[in-house]
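*Asks:* Quick one: the structure is below, questions incoming.
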Amino acid sequence: MELPLCEDKIVMALCVCTCVVKRVLCIGTDFISLLICHQRGDHFNMGNCKAVRIEDITFDKTSWYRERWDHEEIKSFQCECGLSRLEVFGWCRLRDGTLVCSEPPRLFYLTNLKMEIRIGYLLLVFVQWRLCGAIQWLAIAVSGTAVGWNHTQHCKRPGFVPDQQQLCRRNLDLMPTIVFAAQQTRLVCQKAMADMRWNCSSIQLAPRFNPDLNRGTRESSFVYALSSAALSHSIARFCASGELPTCSCGLSPAEVPGPDFRWGGCGDNLRYGLQLGSVFADAPMKGNRGGTQANRLMNKHNNDVGRQALIDSLETKCKCHGVSGSCSVKTCWKGLQELNKIAVNLKSKYLAATRVIHRYVGTRKQLVPKELDIRPVRENELIYLVGSPDYCTASEKQGSYGTYERQCNKTSVHSDSCNLMCCGRGYNAYTETIIERCSCKYHWCCYVTCKKCERTAERYVCK
């Protein structure tokens, strides 16, 4: 049976009925709702689905989800199926990303009229235990490449929230830029983390991320910041290159030029990139979307850190003019660094990220450092809520691929060293023969000839 996904919620229990109306109970990270769908055959008609808010719930210190219902800790789930109704009583809690429920819940079958419908079982399935993250739009890196982006129907993409779909409908010309930003995020993330145990390979699973990217981990903080920076970076660059019809070059700097240069050229339109990029990247955090209030605050903060890293990368670039490269005239403009360099900056922030908790400071709940909760969170530091595994061994539950058969550097003393990468398990050494071009010569005019040379190289792979 194909089930609908619950945005920003955890699908906890499905009441299996024999009727055409299904009620799927969704436990959100800050509320409970019923998603009511009409069924035809084995598929839900999503056009007839609607969410109904039931009660607010809280997430207390013991990591239990408790429904506040007449101030009693009662879990009562009802599914109405035509002439019968099924009530289920039980409790559930979320521990390390896994929803754990009480032993077989008590089932009560009720009848109406003179007909008794026995419902065979309660199917406790976890269609999607994940918190739907605000970076699901990264799925467009693959799904958006074959799209012409010439019709508003193309905006109904997996991973897009309503506000992102609306922005898409109003700015179809912008969408190839967002596709490019998503692709850059994937490539740059994997390149930046290639020497780490966590190498960002799970980013390719968008929009169905593993726990490493949807549980508020240190790794998710890096991806949020990088994707936010990549989005504004791509828009700013596309404006300057003339590929976006709605914008052009950035404004000329207000500062007085130096004695040896003048302002000119076409600078990256950072202001427009930040404006439009933040609207798109932060849309999933609006209202009650994006998980708990703590998750929303964390994700928004990390998005801001990414954009600030982009702002800090703005530098003066110049081009010389003159006879024989004399540079008698120098024209300069403000341009952004390459995304790879920005990722290096964000990686250092990732390594020094601060774990936070969500607690009251005075009359307001705020994110404060868990260890040093006497100070507020700094604007330029990445933050996370949940600790990460060591990523040494494969674990689907924790979102870890492990480091088995990962290549390592025998002579390094950094994170890519065989000792650290292989987690002390040791490594295997392989000798490879590499054939490459050598002794290349240029011939007038106009071709190059090369010889083929062989060399041996050793490769080290984790056990």
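Okay, so the sequence shown: first residue is 650 according to this note's numbering, each after it adds one. Where a beta carbon is used, it is the ideal one built from N, C-alpha and C, also for glycine. Remember, it's a predicted structure, so these values are computed and weren't measured experimentally.
(1) Under a three-way DSSP split, which group does N951 fall into?
(2) Looking only at C-alpha atoms, which of T826, R835, T801 sits nearest to R819?
(3) Are the CB atoms of G1048 and R864 nearer to each other than 9 Å?
(4) To which residues of the same chain is C1094 closer than 7 Å at the C-beta, ignoring the five residues directly before and after it?
(5) Nearest to L1031 by CA position, among C1071, Y1009, V872, C1089, is which residue?
(6) Which one or two residues does DSSP pair with N1058 in a beta bridge?
(7) Under the three-state reduction of DSSP, which class applies to S1088: helix, strand or coil?
(8) The alpha helix (DSSP H) spanning R1027 covers which residue range?
(9) Could you check the C-alpha separation between G891 and S897 for me, to the nearest Å?
(10) Return the CA-CA distance between Y1096 and T1105, expressed in angstroms with no decimal places.
(11) List the endpoints of the continuous beta strand (DSSP E) containing K1014.
(12) Can you check whether the CB of T794 is closer than 9 Å to the CB of V828?
(13) Under three-state DSSP, which class holds E704?
(14) Is it a yes or a no for the region 966-977 touching the region 843-860, going by three-plus beta-carbon pairs under 8 Å?
(15) Check whether the region 872-886 and the region 917-930 are in contact - that is, three or more C-beta pairs closer than 8 Å.
(16) Which complete beta strand (DSSP E) runs does the region 906-983 hold, if anything under 3 residues is left out?
(17) List the endpoints of the continuous beta strand (DSSP E) containing E1103.
(18) So, using beta-carbon positions, are L1142 and H882 closer together than 9 Å?
(19) Excluding the five sequence neighbours on either side, which residues of its own chain have a C-beta within less than 7 Å of the C-beta of D1065, listed in chain order?
(20) Rounded to a whole number of angstroms, what is the C-alpha to C-alpha distance between T1098 and I1083?
(21) Could you pull out every residue in the same chain whose Cβ sits closer than 8 Å to the Cβ of I960, ignoring the five residues on either side in sequence?
*Replies:* Concretely, from the data shown:
(1) Residue state, collapsed to three classes: helix.
(2) T801
(3) yes
(4) Correct list: empty, nothing qualifies.
(5) V872
(6) According to DSSP, N1058 bridges with S1066.
(7) strand
(8) That residue, R1027, is in no alpha helix (DSSP H); it is neither H nor E in DSSP.
(9) Distance between the alpha carbons of G891 and S897: 6 Å.
(10) 29 Å
(11) 1013-1018 is the span of the beta strand (DSSP E), which, as asked, contains K1014.
(12) yes
(13) The predicted model places E704 with a pLDDT of 37, which falls under 50 and marks its position as unreliable, so this point remains unresolved.
(14) no
(15) yes
(16) 964-970, all fully within the region 906-983.
(17) 1096-1111
(18) Any question about residue 1142 goes unanswered here, given that the chain covers just 650 to 1112.
(19) D844, C1057, N1058
(20) 19 Å
(21) L919, L923
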